[in-house]
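Engineer: To convert, note that position 191 of the sequence shown is 191 in the numbering used here; the numbers rise steadily by one, no gaps. Have a look at this one before I ask anything.
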Amino acid sequence: QFSPQQANLAFKTDDVIPYSRMVELDYYNSFLRPQNLLGELIIRLYSGDNTFGAISLQRYQEHSCFEKKDVLKASLLVPYLVNIFETAYRLVKTNDERMLLERWMDSYAEGVVLLDTGLQPIFINSMAKRYFSQMNTSGGDTSIDTVNLDTIIPKIIVQDCKNLMDVDAPNCEPDCHGNRIINTKHNQRYYAQYFFNYLSSSQRTMPHFIVFLNELNTDFEGEGISFSGQHRLSRREEIIARHAAGGFTNKQIADKLCISPFTVQNHLKSIFEKTGLNSRTKLANLVKYLDMPLD
């Protein structure tokens with residue numbers, strides 16, 4: 001029944017309801033009167049569709065009522081108070097989005113690492129931590145200390161980023177990337193991909209990095225050999241591997257080659273056994289690494 005004008009961000013209770021009527025309200029008799037409070041000065045806080053709440057200031061009855069100058073002073077505070085709540089709202093929203101993203105990346109089948117412009121880790125998922133632990137225990141001076149995170153990043157990862165940045169960063173397009181196979185002293189092998197990530201297109205000085213890691217089987221033959229010869233794939237297996245890496249489903253591959261999806265599945269099983277991989281994503285990464293064109 002009693003409400004202030006929408007434009008009034010600060011107002012006195014007697015601006016919207018006479019004192020003679022207010023003393024009849026339950027709110028006055030159950031809250032204000034028992035505490036010997038005379039009236040209230042209300043500051044409403046909202047921005048767009050977001051209502052943050054309201055601040056209520058009271059005075060004891062032995063003091064004078066709130067005046068117009070008090071309302072004007074309170075109105076001057078409103079933009080600063082709203083800015084505080086807007087900032088807090090954005091921080092909470094950003095933190096929620098970050099937590100959601102981190103949970104997704106932590107469940108990712110590949111190792112995922114985010115590095116800042118100083119090549120310090122922003123995030124390392126569980127699989128990457130496992131790979132790093134294996135690399136760091138393989139012997140030799142292979143690790144570099146990190147700030148804020150318990151995980152130690154292998155020095156070779158940081159050096160690869162530095163080398164890629166020194167060579168390609170000055171003229172690099174946003175989708176530039178590098179890759180390599182990392183061999184450890186205990187014959188463990190990992191396929192690493194490095195991607196630039198410029199947060200600002202106007203200040204292309206130092207990029208962030210996203211690193212993806214996959215573990216390869218110990219019988220992986222190395223670099224520079226044809227895909228089928230390196231992994232002892234048949235011609236049919238190589239064709240199916242190319243199509244699978246290109247994102248085609250088993251049924252789509254079967255339709256292209258005039259074979260059954262069951263046959264495609266058996267070929268893929270053989271391909272994974274020979275390559276030491278266990279997913280289409282890893283197969284696609286290997287195809288990309290070897291620069292094998294898709295039909």
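C-beta atoms are modelled at their ideal positions from N, C-alpha and C, and glycine is treated no differently. The structure presented is a predicted model; accordingly, all values stated were derived computationally and were not measured.
1. List in chain order: all unbroken beta strand (DSSP E) runs of 3+ residues lying wholly within the stretch 37-121.
2. On the three-state DSSP scale, how would you describe L25?
3. Look at A241 and L283 and say whether their C-beta atoms are less than 8 Å apart.
4. Check I181 in the structure and name its three-state DSSP category.
5. Can you tell which of R21, M206, E67, E215 has the C-alpha that lies nearest to the C-alpha of L57?
6. Suppose contacts are defined by Cβ-Cβ distances below 8 Å. Is C65 in contact with L38 by that definition?
7. By how many angstroms is the C-alpha of K93 removed from the C-alpha of D26?
8. Here's the rule: buried if 16 or more other CB atoms are within 10 angstroms of the residue's CB, otherwise exposed. What is Y60?
9. On the DSSP letters alone, give me the boundaries of the beta strand (DSSP E) that H208 sits inside.
10. For Y131, which option in Q35, I157, Y198, L115 has the closest C-alpha, if you only look at C-alpha atoms?
11. Report the rounded CA-to-CA distance for K288 versus L100, giving the unit in angstroms.
12. Is Q188 helix, strand or coil when you go by DSSP?
13. What's the C-alpha gap between C161 and F209?
14. Flag this pair as yes or no: are the beta carbons of L41 and A74 separated by less than 8 Å?
Structural biologist: Based on what the coordinates show:
1. Within the stretch 37-121, the complete beta strand (DSSP E) runs of at least 3 residues are 37-47, 50-60, 111-115.
2. Here residue 25 corresponds to residue number 25 of the sequence shown, with the count starting at 1. DSSP places L25 outside both helix and strand once states are collapsed to three, so it counts as coil.
3. The residue given as residue 241 occupies position 241 in the sequence shown. The residue given as residue 283 occupies position 283 in the sequence shown. Yes, they are a contact pair.
4. Within the sequence shown, numbered from 1, the residue matching residue 181 stands at position 181. Under the three-state reduction of DSSP, I181 is assigned to strand.
5. Start at 1 with the first residue of the sequence shown, and residue 57 comes out as number 57. Nearest to L57 by alpha-carbon distance, out of R21, M206, E67, E215, is E67.
6. Counted from its first residue, the sequence shown places residue 65 at position 65. Counted from its first residue, the sequence shown places residue 38 at position 38. Yes, they are a contact pair.
7. Indexing the sequence shown from 1 puts residue 26 at position 26. Indexing the sequence shown from 1 puts residue 93 at position 93. Cα-Cα distance, rounded: 38 Å.
8. For the purposes of this step, residue 60 is taken as the residue at position 60 of the sequence shown. Per the 10 Å Cβ criterion, exposed.
9. Working through the sequence shown from its first residue, we reach residue 208 at position 208. Its beta strand (DSSP E) spans residues 208-216.
10. Mapped onto the sequence shown, residue 131 falls at position 131. Of all alpha-carbon atoms in Q35, I157, Y198, L115, the one lying nearest the alpha-carbon of Y131 is that of I157.
11. In the sequence shown, the residue the question calls residue 288 occupies position 288. In the sequence shown, the residue the question calls residue 100 occupies position 100. About 29 Å.
12. Within the sequence shown, the letter at position 188 stands for residue 188. Coil.
13. Taking the first residue of the sequence shown as position 1, residue 161 is located at position 161. Taking the first residue of the sequence shown as position 1, residue 209 is located at position 209. C161 and F209: Cα-Cα distance of roughly 8 Å.
14. The residue given as residue 41 occupies position 41 in the sequence shown. The residue given as residue 74 occupies position 74 in the sequence shown. The criterion of a C-beta distance shorter than 8 Å is satisfied by L41 and A74.
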